[in-house]
Amino acid sequence: MGFWPLAALVFGGALLAGLATPRRASSKHPAPPEPQGEEELWTPDALARLGTPDTVAELVAQGRAEELRGLGYSGELPPTG
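Every number in the working numbering is 23 more than the matching position in the sequence shown, counting from 1.
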């Protein structure tokens with residue numbers, strides 16, 4: 024028996040063994056949330072989830088009151104200063 028038939032037999036056996044091996048189910052856990060330190064807090068989704076009066080006051084203090092209005096914030100804005 025030559026080299027190539029033996030190599031084909033070994034390769035075929037490894038291929039069949041790999042195909043016959045049961046696969047694990049993929050993880051059903053959701054992806055971990057993005058760290059809060061890196062999340063942009065002025066997006067509409069973040070404001071809806073995390074927005075507090077302190078968050079709004081901080082954004083107004085940064086001069087972003089018009090951005091809040093543009094994102095659909097309809098509450099009363101604290102005075103700047």
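Positions of the beta carbon are idealized from the N, C-alpha and C atoms, including for glycine.
As the structure is a computational prediction, the values presented were derived from the model and not from experiment.
CA nearest to the CA of residue i, picked from the options
{"i": "A69", "options": "G36, L91, L100 and L32", "result": "L91"}
{"i": "G95", "options": "P45, L39 and T66", "result": "T66"}
Anticipated Cβ contact below 8 Å, residue i with residue j, distance rounded
{"i": "P101", "j": "V79", "result": "7 Å"}
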